[in-house]
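Presented below is the structure to which this report refers.
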Amino acid sequence: PDFGRAHVLVALSHLHFLRFGAAEAQVQEALAVHPDFADARELEALIPELRAEARRLKGVAASPGPEDRVALARLESRLGRRPQALERWTEVTRDEAQPREVRAEGAAFLVQVAELPEAEAALAAARELASPAVVPSLEERLHARRLVYERLSPALPR
52 PDFGRAHVLV ALSHLHFLRF GAAEAQVQEA LAVHPDFADA RELEALIPEL
102 RAEARRLKGV AASPGPEDRV ALARLESRLG RRPQALERWT EVTRDEAQPR
152 EVRAEGAAFL VQVAELPEAE AALAAARELA SPAVVPSLEE RLHARRLVYE
202 RLSPALPR
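Okay, so the sequence shown: first residue is 52 according to this note's numbering, each after it adds one.
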């Protein structure tokens with residue numbers, strides 16, 4: 052088995068739960084197995100940045116200002132905290148005080164990650180907010196997600 056990759060995946064799981072020290076330890080384990088493992092090296096460099104940003108935003112998370120809302124949404128996304136990122140990006144996308152390009156960024160995230168009904172609404176928002184060059188790729192992404200859902204829906208519990 053590829054234990055280096057397994058250690059990186061465990062490190063990502065630790066990041067999801069904001070356990071930065073444990074994530075760093077797993078990355079070091081991965082590098083002990085595969086010293087040139089690019090994913091582990093990238094994660095090794097990224098963890099201090101994520102830790103610092105999480106520390107900075109911890110104090111404002113309860114009542115963030117507009118810029119902090121965006122920073123929190125981006126951080127939650129980078130940490131793989133999907134439910135938190137969905138909530139944050141939904142708030143940002145709906146906030147008409149946010150810059151158009153930031154709201155478009157949020158809509159693009161939601162198209163790719165939200166449940167299909169929310170993704171459909173996010174695509175409608177993206178059509179209004181995003182650059183016309185970006186919209187076709189979002190439409191394709193949502194179409195692909197619909198196809199997967201249609202293929203899998205017969206197996207879903209009713």
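Just so it is clear, CB atoms sit at the ideal spot from N, CA and C, and this is done for glycine as well.
Write down every uninterrupted run of the alpha helix (DSSP H) in the stretch 58-140 whose length is 4 residues or greater and which is fully enclosed by it, in chain order.
-> Unbroken alpha helix (DSSP H) stretches of 4 residues or longer found wholly inside the stretch 58-140: 71-84, 89-109 and 117-129, given in chain order.
What whole-angstrom Cβ distance do H67 and L130 have, given they're in contact under 8 Å?
-> Here residue 67 corresponds to residue number 16 of the sequence shown, with the count starting at 1. Here residue 130 corresponds to residue number 79 of the sequence shown, with the count starting at 1. So it is a contact: roughly 6 Å between Cβ atoms.
On the three-state DSSP scale, how would you describe Q163?
-> Along the sequence shown, one-based indexing puts residue 163 at 112. Helix, per DSSP.
Give me the Cα-Cα distance between R102 and F71, rounded to the nearest whole angstrom.
-> Numbered from 1 along the sequence shown, position 51 holds the residue referred to as residue 102. Numbered from 1 along the sequence shown, position 20 holds the residue referred to as residue 71. Our two residues, R102 and F71, have alpha carbons roughly 6 Å apart in a direct line.
Straight-line gap, F54 to A158 (C-alpha atoms, nearest Å) = Residue numbering aside, residue 54 sits at position 3 when the sequence shown is read from its first letter. Residue numbering aside, residue 158 sits at position 107 when the sequence shown is read from its first letter. In a straight line, the C-alpha of F54 is about 37 Å away from that of A158.
Using beta-carbon positions only, say whether A124 and A136 come within less than 8 Å of one another.
-> The count along the sequence shown starts at 1 and reaches residue 124 at position 73. The count along the sequence shown starts at 1 and reaches residue 136 at position 85. Closer than 8 Å, so yes.
Does the distance from the CB of R145 to the CB of E127 come in under 8 Å?
-> Translated into the one-based positions of the sequence shown, residue 145 becomes position 94. Translated into the one-based positions of the sequence shown, residue 127 becomes position 76. In this structure, E127 does not lie closer than 8 Å to R145 by Cβ.
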